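Structure first, commentary second.
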Amino acid sequence: MKILVTGANGQLGNELRLILPGAFPDAQVLFTDVADLDLTDSAAVNRYVEDRDVTHIVNCAAYTAVDRAEEDKAACTAINVDAVKNLALAADSHGAKVIHLSTDYVFDGRAYRPYRESDKVNPCSHYGTTKRAGETALLALAPESIIIRTAWLYSPFGHNFVKTMLALGQTNPSLRVVYDQIGSPTYAPNLAKAIVCILRSAQWVPGIYHYADSGVTSWYDFTKAIHRLGGISGCEIRPIPSEDYPTAAVRPFFSVLDTTRIRLTYGVETPYWLDSLQDCINRLKKQ
Ligand SMILES: NC(=O)c1ccc[n+]([C@@H]2O[C@H](COP(=O)([O-])OP(=O)(O)OC[C@H]3O[C@@H](n4cnc5c(N)ncnc54)[C@H](OP(=O)(O)O)[C@@H]3O)[C@@H](O)[C@H]2O)c1
Numbered sequence: 004m005k006i007l008v009t010g011a012n013g014q015l016g017n018e019l020r021l022i023l024p025g026a027f028p029d030a031q032v033l034f035t036d037v038a039d040l041d042l043t044d045s046a047a048v049n050r051y052v053e054d055r056d057v058t059h060i061v062n063c064a065a066y067t068a069v070d071r072a073e074e075d076k077a078a079c080t081a082i083n084v085d086a087v088k089n090l091a092l093a094a095d096s097h098g099a100k101v102i103h104l105s106t107d108y109v110f111d112g113r114a115y116r117p118y119r120e121s122d123k124v125n126p127c128s129h130y131g132t133t134k135r136a137g138e139t140a141l142l143a144l145a146p147e148s149i150i151i152r153t154a155w156l157y158s159p160f161g162h163n164f165v166k167t168m169l170a171l172g173q174t175n176p177s178l179r180v181v182y183d184q185i186g187s188p189t190y191a192p193n194l195a196k197a198i199v200c201i202l203r204s205a206q207w208v209p210g211i212y213h214y215a216d217s218g219v220t221s222w223y224d225f226t227k228a229i230h231r232l233g234g235i236s237g238c239e240i241r242p243i244p245s246e247d248y249p250t251a252a253v254r255p256f257f258s259v260l261d262t263t264r265i266r267l268t269y270g271v272e273t274p275y276w277l278d279s280l281q282d283c284i285n286r287l288k289k290q
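Rendered as structure tokens:
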């Protein structure tokens, strides 16, 4: 087994760096980011997969700056669509299997129950549109691929809501946070374990899966929990509706994903988000 992890300097990629080599001691695991392998370079991607006899690709690379993407459309499309096509073509030519990451932003967030994989997509932002186009291109060019849609990802690595709210809580007497967007905060190590489950499994069932941690919350309640567990008491958190916090990109109001398929197919566990948040904050405190 030769596993290539792309986008390995990101949140999920860094968590995979921590667990993949131990989970597959007999495998060669190659971690790359844009400086080692720019996925928008189709020839380089093809050469890399061919020269190293890559058998599995876990694509964690993405353009994830959702608001900036509304202005920086070409760069977002290049990474979330063109780069995915390059990986798909290389994988298909050399018989490698792909696990690719996608997002709850492929939905418009108007549902009244957790989204299933078969539900109609309707992205409302350029980021969501490009992630959906990446899904479609991958399944067309490399139909054996697995796509995992996730949501509200955080970890001790990189930029994310947990780290932002901890930092803002230390320097601001009050914060206004939206209370009418609902989702499931998802701890990147749990998603990394789900990927290990799939790679370890005797069966490979292509298609789309949803992975998020269990339970739901709003950004407001999430912030309250982050500050409580982070020991921040001097910052008042005020709930506001989304209309009072305009952003460049439209965000779904309801982002809850139904994880039944990944749990039943691969025996993946979905820990409760609040327990996982505690673990993340413990790790951040040790840094
Ligand atoms: N973050 C979330 O809340 C969230 C929610 C739902 C789904 N997802 C999806 O989950 C996956 C992992 O997200 P994440 O938060 O771990 O992402 P991340 O932290 O933003 O990491 C993405 C990595 O991809 C790299 N990259 C960018 N352009 C590249 C290129 N041309 N070639 C190779 N690498 C490139 C980035 O490098 P630079 O930093 O140097 O650009 C970065 O290290 C993504 O597919 C994302 O769309 C994320």
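Going by the numbering used here, the sequence shown opens with residue 4, and the numbers climb by one from there. Here a beta-carbon is modelled for each residue, glycine too, at the ideal position from N, C-alpha and C. Since this is a predicted model, take the numbers as computed values, not measurements.
Limits of the unbroken alpha helix (DSSP H) element including residue i
i, result
"VAL48", "45-54"
"SER96", "86-97"
"PRO242", "Not the alpha helix (DSSP H): PRO242 falls in the beta strand (DSSP E), residues 239-243."
"CYS166", "One detail in the question is off: residue 166 reads as Lys in this sequence, not Cys. It spans 164-174 - the alpha helix (DSSP H) in which LYS166 sits, taken as one unbroken run."
"LEU144", "129-144"
"PHE225", "222-233"
"LEU194", "191-203"
"ILE60", "Run containing ILE60: none in the alpha helix (DSSP H); it sits in the beta strand (DSSP E), 59-62."
"LEU267", "263-269"
"THR80", "76-80"
Run of the beta strand (DSSP E) containing residue i, from where it starts to where it stops
i, result
"TYR275", "Premise fails: TYR275 is in no beta strand (DSSP E) and is neither H nor E."
"THR106", "100-106"
"ILE151", "149-153"
"LEU178", "177-181"
"LEU7", "5-9"
"LEU23", "Looking at the DSSP string, LEU23 is not in any beta strand (DSSP E); the run it does join, the alpha helix (DSSP H), is 14-26."
"ILE211", "210-213"
"LEU42", "Note, LEU42: premise wrong, no beta strand (DSSP E); not H, not E."
"LEU33", "31-34"
Residue i versus the options, residue with shortest Cα-Cα distance
i, options, result
"ASP122", "HIS129, GLY112, TYR130, SER128", "GLY112"
"VAL165", "TYR223, PRO244, ARG135", "TYR223"
"VAL32", "GLY13, THR133, ASP56, ASP41", "ASP56"
"ILE198", "ALA46, THR153, ARG254", "THR153"
"VAL109", "TRP276, GLU272, PHE257", "PHE257"
"PRO126", "ARG264, ALA252, LEU267", "ALA252"
"LEU104", "VAL69, ASP85, VAL61, TYR115", "VAL61"
"ARG116", "VAL271, VAL219, PRO159, MET168", "VAL219"
"ILE82", "GLU18, VAL48, ASP247", "VAL48"
"ALA99", "ILE6, LEU40, GLN281", "ILE6"
"THR262", "THR189, ALA38, ILE235", "THR189"
"HIS97", "GLU53, PRO146, VAL69, LYS134", "GLU53"
"ARG119", "VAL181, ARG266, LEU232, TYR157", "ARG266"
"ILE240", "LYS288, LEU171, TYR269, LYS289", "LEU171"
"LEU144", "CYS238, LYS88, PRO24", "LYS88"
"LEU40", "GLU18, ALA26, ALA86, CYS200", "ALA86"
"ALA191", "VAL208, ARG286, ILE185", "ARG286"
"VAL181", "GLU74, LEU202, THR250, GLY210", "THR250"
"LEU156", "ILE22, LYS288, PRO24, SER279", "SER279"
"GLU272", "TYR214, ASP247, GLN281, ASP282", "TYR214"
"SER128", "ASP29, ASP70, ALA26", "ASP70"
"ALA114", "ILE185, TYR212, GLY10", "ILE185"
"PHE34", "GLN281, GLY10, PRO209", "GLY10"
"GLY25", "TYR66, LYS196, PRO159", "LYS196"
"ARG135", "GLY161, GLU147, ASP107", "ASP107"
"VAL124", "ALA72, LEU202, ILE211", "ILE211"
Distance cut-off 6 Å: residue i Cβ against heavy atoms of ligand 1
i, result
"ALA65", "yes"
"ASN12", "yes"
"THR2", "Not covered by the structure: residue 2. The range shown for the chain is 4 to 290."
"HIS104", "Note on identity: in this sequence residue 104 is Leu, with His being the wrong assignment. Yes - ligand 1 has a heavy atom lying nearer than 6 Å to the Cβ of LEU104."
"ILE82", "yes"
"GLY131", "no"
"LEU156", "yes"
"VAL271", "no"
"THR43", "yes"
"ASP39", "no"
"LEU15", "yes"
"GLY161", "yes"
"ASP36", "yes"
8 Å contact criterion, which residue i and residue j should meet: CB distance rounded
i, j, result
"LEU141", "ALA91", "5 Å"
"LEU260", "SER187", "7 Å"
"TYR130", "CYS79", "6 Å"
"SER217", "TRP276", "7 Å"
"GLY233", "LEU169", "5 Å"
"GLU3", "ILE150", "Absent from the structure is residue 3, since the part of the chain shown begins at 4 and ends at 290."
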